[in-house]
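Novice:
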Amino acid sequence: MHGLIDILIHKNVLITISFIIINIILLFNKKLNKKVLIVINIIPIILGLIHFIIYYFKGNIKLTLNFFDSIYITSFCFLIILLFYKKEKIYKLLTILLIPVCLNTFFITSVNTTRYYSIHNYTRSSYTNSFKKMINTLKKEYVLNEWRNIDYDNLEKEYLPLIEEAEKNNDEKLYYETIFKLMDNFKDGHMGARCLNTSCLNTMKELENYNYYGFDTVLLDDGRIIAIKVKEDSDAYRKGLRDYYEIIKRDDRDIKEYLSDYYYHTNGEPVKYTENLLNSTKIFYRGNNTTTLTYLNNKKEKTIEINNYEKNSTRFDRTLLSFRKLPNYYTEMLSDDIGYLNLNTEYTDRIRNLFSYITGNSSYAKQPIIDNLNKLKEQGMEKLIIDLRGNGGGFFHISGTYTEPFTDEEFIYSKAKRDTGYDNYKVKGSGEFKNLPIVVLVNANTISAGDTLLEILSRNKNVTIIGLMPSNNSSQEIGGHIYLTNSSIDIFYPRFNSITEDNKIYIDPNNREETIKLDIKIPINEDTINKLINNDDYVLEYALNYLKK
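Using our numbering, the first residue of the sequence shown is number 496, and each one after it goes up by one.
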């Protein structure tokens, strides 16, 4: 209910409601004289024009239209019918045709407000001013400020001088790098920065991958960082480096220290283990044309100087994060008695999602699960693998609906903060498959509503969670966007918090240890690495073997 109230009082939705009201007045205008009729007709045109002037994102008309295209289209339609006000029949017909346009604008704008409650346009400000405005906005609106103990004064002290230097020297590259490094401090999978122009993209691409030296690296669970996929025609191979040799230094610096200071521009990784694991695969992707490394061979140290290989590698972090790219709801039988269900989003279509958000009835979202699993049951399914790897989220209430076939219980799994109060997210179990043994596969890209789905499923005693790494462990709802100078960067952040029934933060860790634990963590050792390199989907194979046993 609070979510519905928030929609109806949102300024952009109020504009679309006024469009509907004005459209109705124009339809029943028999008692109005022509002058009044024209004035009423002009109001939505003026509203659209004022809205565009206020909300226009400097340097990016596509971004402006992405949020508000329906408002401007509707305003333009009012202008079109105004041109025909002297031709009564045509005017009447166009006014009637405008009804679905106004309603569509209302629904689309309402859906947008459920996902983007707070949009801050600092695109016309300088580097320094937009930075300061961003800091002040995050102080007020980022929901985990206290939970994560964010020290904005220190952040501003560290990064503002760099922003001022970038502005003084008109240094775009320094500006982009500084903003991304600032955002990395938050360590929140729901928070980060996105490039919106080519210059920013190119800058961050350079920062991502300067060089490749003919091998990859990875951090094992025993703490060693080893070389893998060493190319036989590389300088590193010719000078003695081989697969699975431990690397202990780079450029005379301890490799663990090197890893701890390593920065990679991505959304902040909440779980420390996962951040170290993924970053360990990238620590030789930057540097000069020549670098040195020290490795161990039979416990003997050897230091070599190696040159850039100048050929690309398939980055190993992508292997660790790989998943089956299949349609949502996809099912198949993997063996005589083991079924497979892929759920990669908690999103169907925006109009249906909006109606379910308003009515609380999203049973349509679980019906494909029931139908598809019933077909597998007819083929002999007795066990199930649910694949949530790469599940990027969607709507939280869809998460709850997805889980209903697997429980017959009814409970509140989360309370979501709105401007006007809290809404309860409930599961009302239907229990069609409540006794089915289930393995759930996850990775660091199981995030947001995907994390929520995982948390609810984990309450079922028949569910076992398996992965190389935990899920992302982020669940607070994204509701804020800050657009910086010249529409160069979008800062996104969660503005509305999700809490448990007893008023504790839902899922998100504050100590960088995962809240949703793996029941079985696939060990990352030399044997696992070898299988990951040579197997299309070792994680799925591991789950299959587990269920067979």
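Heads up, the beta-carbon is just placed ideally off N, CA and C, and yes, glycines get one too.
1) Can you tell me where the alpha helix (DSSP H) with residue 792 in it begins and where it stops?
2) Based on DSSP bridge pairs, tell me the residues matched to residue 801.
3) Below 8 Å on the Cβ atoms is my guess for residue 983 versus residue 695; work out the distance and round it to an integer in Å.
4) Restricting to runs no shorter than 4 residues, where is the alpha helix (DSSP H) found entirely within the segment 558-624?
5) Jot down the residue ranges of each uninterrupted beta strand (DSSP E) in the segment 711-780, minimum 3 residues, whole runs only, in chain order.
6) Starting from the Cα of residue 783, find the closest Cα among 789, 803, 793, 888 and give me that residue.
7) With a threshold of 8 Å, are at least 3 pairs of Cβ atoms found where one atom belongs to the segment 967-981 and the other to the segment 603-621?
8) Can you tell which of 936, 841, 868 has the C-alpha that lies nearest to the C-alpha of residue 882?
9) Tell me whether the beta-carbon of residue 900 lies closer than 8 Å to the beta-carbon of residue 865.
10) Consider the C-beta atom of residue 910 and the heavy atoms of the ligand PLP; say whether any pair is separated by less than 7 Å.
11) For a test of the three-state rule: what should DSSP assign to residue 849, helix, strand or coil?
12) What first and last residue would you give for the alpha helix (DSSP H) that runs through residue 516?
13) Taking just the CA atoms, how far does residue 885 sit from residue 1011?
14) How many Å lie between residue 608 and residue 690 at the Cα?
15) Using 8 Å as the Cβ pair cut-off and three pairs as the minimum, do the segment 510-525 and the segment 564-579 touch?
16) Quick check: what's the CA-CA separation for residue 718 versus residue 774?
17) When the distance is taken between beta carbons, is residue 778 closer than 8 Å to residue 734?
18) Look up residue 958 in the DSSP assignment and give the residues it is bridged to.
19) Does the Cβ of residue 770 have 16 or more other Cβ atoms within 10 Å, making it buried, or fewer, making it exposed?
20) Note the first and the last residue of the continuous beta strand (DSSP E) segment covering residue 892.
21) Just the Cα atoms here: how many angstroms apart are residue 907 and residue 991?
22) Inspect the CB distances between the segment 647-667 and the segment 1028-1037 and report whether three or more fall short of 8 Å.
23) Confirm, please, whether the CB-CB distance from residue 836 to residue 869 is below 8 Å.
24) Run the CB neighbour count on residue 765, radius 10 Å, all protein chains shown included, and call it buried at 16 or more, exposed below.
25) Given a threshold of 16 other Cβ atoms within 10 Å of its Cβ, counted over all protein chains shown, does residue 971 qualify as buried or as exposed?
26) Check whether the segment 910-921 touches the segment 803-812, taking contact to mean three or more Cβ pairs, one atom from each stretch, closer than 8 Å.
27) Can you give the Cα-Cα distance for residue 1007 and residue 738, rounded to whole angstroms?
28) Below 8 Å on the Cβ atoms is my guess for residue 678 versus residue 763; work out the distance and round it to an integer in Å.
29) Kindly give me the distance between the Cβ atoms of residue 707 and residue 780, rounded to whole angstroms, as I take these residues to be in contact under 8 Å.
30) Span of the alpha helix (DSSP H) holding residue 983?
31) What number of angstroms, rounded off, separates the C-alpha of residue 709 from the C-alpha of residue 727?
32) Does residue 854 pass the burial test, meaning 16 or more other C-beta atoms within 10 Å, or should it be called exposed?
33) Rounding to the nearest angstrom, what Cα-Cα distance links residue 1038 and residue 905 in this structure?
34) Would you call the segment 820-829 in contact with the segment 870-879, where contact means no fewer than 3 C-beta pairs closer than 8 Å?
35) In this structure, what does DSSP give as the bridge partners for residue 690?
36) Buried or exposed: residue 796, going by 16 or more other Cβ atoms within 10 Å of its Cβ?
Specialist: Per the coordinate set shown:
1) Looking at the DSSP string, residue 792 is not in any alpha helix (DSSP H); the run it does join, the beta strand (DSSP E), is 785-792.
2) 786
3) 5 Å
4) 583-610
5) 711-714, 720-723, 741-745
6) 803
7) yes
8) 936
9) yes
10) The ligand PLP is absent from the structure shown, which contains no ligand whatsoever.
11) helix
12) 506-522
13) 16 Å
14) 22 Å
15) yes
16) 14 Å
17) no
18) 933
19) buried
20) Counting along the chain, residue 892 falls outside any beta strand (DSSP E), though it belongs to the alpha helix (DSSP H) covering 891-898.
21) 18 Å
22) no
23) no
24) buried
25) buried
26) no
27) 31 Å
28) 7 Å
29) 6 Å
30) Where residue 983 is concerned, there is no enclosing alpha helix (DSSP H), given that its DSSP letter is neither H nor E.
31) 8 Å
32) exposed
33) 29 Å
34) yes
35) 984
36) exposed
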